[in-house]
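Chemist: Heads up, the working numbering is the position in the sequence shown plus 3, with the first residue counted as 1.
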Amino acid sequence: MKKIIITLLLAVVPYAAILSQPKNDPIVMTIAGTPVPRSEFEYSYNKNNTDGVIDKKTVEEYVDLFVNYKLKVQAALDARLDTTQAFKTEFAQYRDQQIRPSYVTDDDMLAEAHQVYDQTKQSIGPDGLVMAGHILMLIPQKATEAQQQEAKRRIDSVYTALKAGADFETLAKQVSQDPGSAQRGGMLGWFSRRQMVKEFEDAAFALQPGEMSEPFMSPFGWHIILMKERKQLEPFDFHKENILKFLEQRGVRNSLVDRKLDAMVKASNGTQTKETLLKQRADSLSAVDTDMRYLIKEYHDGLLLYEISNRTVWDKAAKDEAALAQYFKKNKKKYKWEEPRFKGMAYHVKEQADVKAVAQCVKKLKFEDWNGALKTTFNNDSVLRIRVEKGLFKKGDNPLIDREVFKVHDAKVDSVKGYPIDATYGKLLKKPQDYTDVRVQVTADLQEEMERQWVSELRKKYAVVINKEVLTTINKHE
Numbered sequence: 004m005k006k007i008i009i010t011l012l013l014a015v016v017p018y019a020a021i022l023s024q025p026k027n028d029p030i031v032m033t034i035a036g037t038p039v040p041r042s043e044f045e046y047s048y049n050k051n052n053t054d055g056v057i058d059k060k061t062v063e064e065y066v067d068l069f070v071n072y073k074l075k076v077q078a079a080l081d082a083r084l085d086t087t088q089a090f091k092t093e094f095a096q097y098r099d100q101q102i103r104p105s106y107v108t109d110d111d112m113l114a115e116a117h118q119v120y121d122q123t124k125q126s127i128g129p130d131g132l133v134m135a136g137h138i139l140m141l142i143p144q145k146a147t148e149a150q151q152q153e154a155k156r157r158i159d160s161v162y163t164a165l166k167a168g169a170d171f172e173t174l175a176k177q178v179s180q181d182p183g184s185a186q187r188g189g190m191l192g193w194f195s196r197r198q199m200v201k202e203f204e205d206a207a208f209a210l211q212p213g214e215m216s217e218p219f220m221s222p223f224g225w226h227i228i229l230m231k232e233r234k235q236l237e238p239f240d241f242h243k244e245n246i247l248k249f250l251e252q253r254g255v256r257n258s259l260v261d262r263k264l265d266a267m268v269k270a271s272n273g274t275q276t277k278e279t280l281l282k283q284r285a286d287s288l289s290a291v292d293t294d295m296r297y298l299i300k301e302y303h304d305g306l307l308l309y310e311i312s313n314r315t316v317w318d319k320a321a322k323d324e325a326a327l328a329q330y331f332k333k334n335k336k337k338y339k340w341e342e343p344r345f346k347g348m349a350y351h352v353k354e355q356a357d358v359k360a361v362a363q364c365v366k367k368l369k370f371e372d373w374n375g376a377l378k379t380t381f382n383n384d385s386v387l388r389i390r391v392e393k394g395l396f397k398k399g400d401n402p403l404i405d406r407e408v409f410k411v412h413d414a415k416v417d418s419v420k421g422y423p424i425d426a427t428y429g430k431l432l433k434k435p436q437d438y439t440d441v442r443v444q445v446t447a448d449l450q451e452e453m454e455r456q457w458v459s460e461l462r463k464k465y466a467v468v469i470n471k472e473v474l475t476t477i478n479k480h481e
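1. For valine 365 and asparagine 401, I'd like the C-alpha separation in whole angstroms.
2. Bridge partners of isoleucine 227, per DSSP?
3. I'd like to confirm the pairing. Which residues does DSSP put opposite phenylalanine 483 in its beta bridges?
4. For the putative contact between alanine 79 and isoleucine 311, defined by C-beta atoms under 8 Å, what is the C-beta separation to the nearest angstrom?
5. Mind checking whether alanine 135 and leucine 229 have CB atoms under 8 Å apart?
6. Identify the continuous beta strand (DSSP E) that holds tryptophan 193 and give its terminal residues.
7. From this set, Gly128, Arg253, Phe219, Glu301, which residue's C-alpha is nearest glutamine 198's C-alpha?
8. Exposed or buried, which one is proline 143 when buried takes at least 16 other CB atoms within 10 Å?
9. Can you tell me whether aspartate 181 is helix, strand or coil according to DSSP?
10. In three-state DSSP terms, what is serine 221?
11. Taking the straight line between their C-alpha atoms, what separation do you get for alanine 376 and glycine 254?
12. Here's the rule: buried if 16 or more other CB atoms are within 10 angstroms of the residue's CB, otherwise exposed. What is aspartate 109?
13. Can you name, in chain order, every residue of its own chain whose Cβ lies under 7 Å from the Cβ of glutamate 407, other than the five neighbours on each side?
14. Given this structure, state the Cα-to-Cα distance separating alanine 290 from glutamine 77, to the nearest angstrom.
15. Let me make sure I understand the geometry here. Which of Arg455, His480, Gln100, Thr439 has the alpha-carbon closest to that of glutamate 324?
16. Quick one: residues in its chain with C-beta nearer than 6 Å to the C-beta of proline 29, no 5 flanking neighbours on either side, listed in chain order?
17. Between the alpha carbons of lysine 145 and valine 386, how many angstroms are there, rounded?
18. Taking 7 Å as the limit between beta carbons, can you name the residues of its chain near glutamine 24, skipping five residues before and five after?
19. Please state whether the Cβ-Cβ distance between phenylalanine 331 and glycine 429 is less than 8 Å.
20. So valine 419 is in the alpha helix (DSSP H); what residue range does that whole segment cover?
21. Following the continuous beta strand (DSSP E) through isoleucine 127, name the residue where it begins and the one where it ends.
22. Taking all protein chains shown into account, decide if asparagine 383 is buried (16 or more other Cβ within 10 angstroms of its Cβ) or exposed.
23. First and last residue of the alpha helix (DSSP H) that includes valine 445?
24. Leaving out the 5 sequence neighbours to the left and right, which residues in its chain are closer than 7 Å to lysine 420 when beta-carbon positions are compared?
25. Excluding sequence positions up to five away, which residues of its chain have a Cβ less than 8 Å from the Cβ of phenylalanine 90?
26. Suppose you measure from the CA of serine 160 to the CA of lysine 234; what does that come to, to the nearest Å?
27. Could you tell me the alpha carbon to alpha carbon distance between glutamate 217 and serine 126, rounded to whole angstroms?
28. Opposite aspartate 425 in the DSSP bridges: which residues?
29. Are at least three pairs of beta-carbons, each pair with one atom in the segment 161-174 and one in the segment 255-268, less than 8 Å apart?
30. Using a Cβ-Cβ cutoff of less than 7 Å, which residues in the same chain neighbour glycine 347 once the five nearest sequence positions on both sides are dropped?
31. To the nearest angstrom, how far is it from the Cα of phenylalanine 239 to the Cα of valine 316?
32. Could you tell me the boundaries of the alpha helix (DSSP H) in which methionine 295 lies?
33. Assuming glutamate 392 and alanine 349 form a contact by the criterion Cβ under 8 Å, report the distance between their Cβ atoms to the nearest whole angstrom.
34. State the Cα-Cα distance for the pair glycine 36 and arginine 103, rounded to the nearest angstrom.
35. Taking the CB atoms as reference points, tell me whether phenylalanine 203 and valine 133 lie closer together than 8 Å.
Structure below.
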C-alpha cells in the first residue's frame, strides 16, 4: 500500500525529452535556502501535465503545488527522517530498482540466449526431434493375468483396425487410455531422446514420417505409435525471440546483475560491497542523465513526503478520536444523508427468549461495544446462540432491516439455518448523530484542514523566492 501511495505522490512517468543536464540552467526558485534549477521544475511540471492528465495545470498554477511539496520535504529533512535506517533501506530499494538494469546490456542477454540454445541443441542430440501420436492400453500395477490378456486383446484389435484403414486420431480419441493425449487424437507434440521411457523412445525413433509401429509394451502398458514428423532443431535466429522472452520471464536479467556485482565485489578484494557499488552507479548515472537524477531524487523526496505527511496529517487525523469528535461537532451541519440510516443490527436466534435478551444486553452500551458484549454473552462457548450483522444500514443493504425497519414489504429475507427467529435492534437516524456515523468523510475533512494549517505554517517558517523572469521561460528556451 505504501508503495502505491508513494507512486501516486510522485506520479512517476519518465519524461524522455530531457536526457541530459542543460548547460544553461538558471535558478527558477529558492525554497528554504535551497535553489531549484529550471530543469528540475520542468521535469516535474512536464511529467505531471502530460496529455493523459485530466486536471492539467498552467505553469503558474503548478508553482504552488511544487512549492508546497518542497516545503514538506524540507520539514522532513529538518526532522532528520532521512537519517533513520528504515528510510535508508527503503530508499536504497527504490533506487536500486532503477539502477540495477543498467548493468545488463542487450549483448549480455543475447549471450545467455545463445548458451540456452547451445545447451538445448546438445541435449537433443544428433537424432533431432520427433512428433508422434500414440494409442495406449494401460496395464495396472500388479495386474492379473486376465487383465494383461484383455489389454493385449484390445491393442491387437486396434492395430487390426488401423491396418485396415481406420483413422488413427479418431481411434485414439475413442479408445486410448492416455487422457492427456487422447483428446488431441493421440498427439504428443515434439520430443527428443531421454524425454520418454526407453521402450517408447526406441520404438519412436526407429520410425520415419508416416510409419506406424506394431504394438509394443512399456512400463505403462501397450502402445501403438504413429510417426508424424522428424526434424533437427532450427537455427538460433529462429528461436531467438522466444528464448529472450523466456529468459526475461525467468528473471535471468536480475540474476546477471547479481553475478556481475558479486564478481566486482570479489575483484575489489573486500574494499567494496554491493551497496557501495550500487550507490556509485547511481551517482555516475545521475551525473550524465537528468531523467535518472530527478527520478532518484523523487524517490528520495517522495519517501520523506509520505512519512512526514503520515506523521503530521494522515495517520494523526485518522487516529485522534477526540479531534474527529470535535471537528464533527463544530461542522455538524455539513454532514447530511439523502435518506435515513438504521444504526443497529439484524440478528437471528434459536429461541424466542433471546430476542429480548439480545436487546437488553446492548441497551445501555456504546454502539462500538456491542460486538464484544454479544460474543461474551451469547457465543462464549461451543453453542452459538446468535448470528448477527451490525452496522449503519441504508435501504437495500440488508433484507431483514428493509422489511422490519424500512417497511419494504416485498423484501426477500432468507432464513438462517438453525436460527429460525429474526429480529432487529437499533434506531433510525435521519442525519448523523456522531462522527462515527460518517467517519470516512470526517477523517478526510479533518485531514484536509490539518493539511491547510500545516502548509500555512510551513509558508511562514521557510522563505520562498520565485524568479518570475526565469519562470516565464519554462518550456520556452533552447
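C-beta atoms are modelled at their ideal positions from N, C-alpha and C, and glycine is treated no differently.
Modeler: By the coordinates alone:
1. 20 Å
2. Ile138
3. This structure does not reach residue 483, given that the chain is present from 4 up to 481, and the question cannot be answered.
4. 4 Å
5. yes
6. 190-194
7. Gly128
8. exposed
9. coil
10. strand
11. 53 Å
12. exposed
13. Thr427
14. 23 Å
15. Thr439
16. Arg41, Val473
17. 51 Å
18. Here the model assigns glutamine 24 a pLDDT of 42, short of 50, so the residue's position is not dependable, and the following value carries that caveat. Same-chain partners within the cutoff: Ser42, Thr293.
19. no
20. Neither: valine 419 is in no alpha helix (DSSP H) and is coded neither H nor E.
21. No beta strand (DSSP E) holds isoleucine 127; the alpha helix (DSSP H) holding it covers 109-127.
22. exposed
23. 442-464
24. none
25. Leu84, Leu306, Leu307, Glu310
26. 32 Å
27. 28 Å
28. His351
29. no
30. Thr427, Tyr428, Gly429, Lys430
31. 59 Å
32. 293-312
33. 5 Å
34. 33 Å
35. no
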